[in-house]
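Counted from 1, the sequence shown has number 284 at position 279 by my numbering; the numbering is strictly sequential. Just so it is clear, CB atoms sit at the ideal spot from N, CA and C, and this is done for glycine as well.
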Amino acid sequence: LVPVGVPKPIDNDVGDSEFKLIDHTPGYGSVARYWAYNIQNANEENRGSSPSDPVLVIQVMGRKIGFIPAAARLADPYREMPLQIYMPESNLTLEQMAENVNQELSKSGRCLVVVSEGFPVGDLGELKDAFGHTAFSSSKLTVQQVVVNYLNSVGLKAHGAARGQVAGTDQRDTMIYASTVDLDEAYKVGEKAVQIAIEDGNGFMATILRQPGSIYNVYYDKVPLEKVANSERSFPKAWLAPNGIDVTDDFVAYARPLIGEDWVSVPLVNGLQRFARFKPIFAEKKLKEYVPQTYRET
């Protein structure tokens, strides 16, 4: 058995902040595209509903890393929307958020608030997964609900109330929003992993690296697993705008190529999506029964 690592988190938090181990993880381009399009949709809805719902609070995935909420800026690279982005790295408080929102309401009459599920708002009654990470979607409260409650309690400088929405696992499973660039790269980094297994053996992870230059292009390589096994990339501080509620154009230049240009082709059968299914063909069992550690009774 020759195990080889393949990167996968949509959070884009594997690797280093210098992007020397990996430029981006498969899945991130698609979730970034999901949010680019959904923020566009939310903005159109809010334009019409703002007389009664001037503030729309939208919670996104990403744990305590800001790459996914940052992707909201891809919906509005020229900053024409009343859009504010709150990432864990901003170190802002609810009080500062309310002040920012009311400033935007005084200016535009409405505000879109994109907030990370890991934005610090106090105790959420968190549950932990097998790796010790907070399972935000399983917690007693959501950041969105805390933010909506707080904004409505302190008062808005506009008629109406703040309302919120929380996207779930559809952020990572909605095929119609998949990036064609992401699909192609995911396949090719998988091919690279097979090549590594054949030629180099175990102890490595396949990786995606960006070619230098103004035209987006990538190549595939390998990196020792020991370098990435316990790594967690944070959102670069240089990409966080000075006001703490936006990202810089450098981030937009980094992320924009990942979402692609075209719609993905989704096969339909009788009007429904057709998903691939593998035949249940398994290797001959040779090892004794094994119970994963998290399933064992203590």
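Exercise. So what does DSSP say about M180, is it helix, strand or coil?
Worked result: helix
- Task: Could you tell me whether the segment 239-246 touches the segment 30-45, where touching means 3 or more Cβ pairs closer than 8 Å?
- Result: no
**OP:** Out of P93, G20, K25, P56, state which residue places its alpha-carbon closest to the alpha-carbon of V252.
**Re:** P93
Segment contact, 8 Å Cβ cut-off, at least three pairs: the segment 60-72 with the segment 170-179: yes
Residue range of the unbroken beta strand (DSSP E) whose run includes K112 = Segment 99-113 is the alpha helix (DSSP H) holding K112; no beta strand (DSSP E) there.
Cβ pair Y39, D16 closer than 9 Å:
no
Practice problem: For my contact list, F141 and G169 are in at a C-beta cut-off of 8 Å; report their separation, rounded to the angstrom. | Solution: Not a contact, Cβ separation roughly 14 Å.
* Asked: Would you report the Cα separation of S111 and A166, rounded to the nearest angstrom?
  -> 15 Å
If you run the structure through DSSP and keep just helix, strand and coil, what is R78?
-> helix
Legend entry - Cβ-based neighbour list, S113, same chain, cut-off 8 Å, excluding 5 preceding and 5 following: P87
Check each candidate in E100, P56, Y224, T212 and name the one with the smallest Cα separation from G1.
Only positions 6 to 303 of the chain appear in the structure, and residue 1 is not among them; the question remains open.
ask   = Is A103 closer than 9 Å to V151 when the C-beta atoms are compared?
value = no
Cα-Cα separation, Q298 to E109: 50 Å
| task | Using DSSP bridges, identify the partner residues of I63. | result | V119, Q170
According to DSSP, simplified to helix, strand and coil, what is T299?
helix
Can the beta-carbon of L117 be found closer than 9 Å to that of Q149? no
Assign G10 to one of three DSSP states: helix, strand, or coil.
strand
In this structure, what does DSSP give as the bridge partners for F209? P229
Q | Per DSSP, the bridge partner or partners of R215 | A | V223
Would you report the Cα separation of P74 and E302, rounded to the nearest angstrom? 38 Å
- Identify, in the order they occur along the chain, each residue of the same chain with its Cβ nearer than 6 Å to the Cβ of M210, setting aside the five sequence neighbours on each side. G10, V228, L230, V233
_Inter-residue Cα distance where the pair is L132 and P125_ = 15 Å
With a Cβ-Cβ cutoff of 9 Å, do P31 and V194 count as a contact? yes
With DSSP run on the structure shown, which of helix, strand or coil describes V274?
-> strand
Practice task
Return yes when the Cβ of L79 is within less than 9 Å of the Cβ of A37, no when it is not.
Solution key: yes
Which of helix, strand or coil DSSP assigns to T139
strand
Can you check whether the CB of A260 is closer than 9 Å to the CB of A76?
yes
Original post:
According to DSSP, what are the bridge partners of L245?
Top reply: V252
Q. Does the count of Cβ pairs from the segment 22-30 and the segment 207-221 closer than 8 Å reach three?
A. yes
> The alpha helix (DSSP H) spanning I264 covers which residue range?
Replying inline: Taken as a continuous stretch (DSSP letters only), I264 belongs to no alpha helix (DSSP H), as it is neither H nor E.
| said: In this structure, how does DSSP classify I90 when only helix, strand and coil are distinguished? | reply: strand
Notebook entry, point to check: Candidates F72, A172, N96: which alpha carbon is nearest P247's?
Noted result: N96
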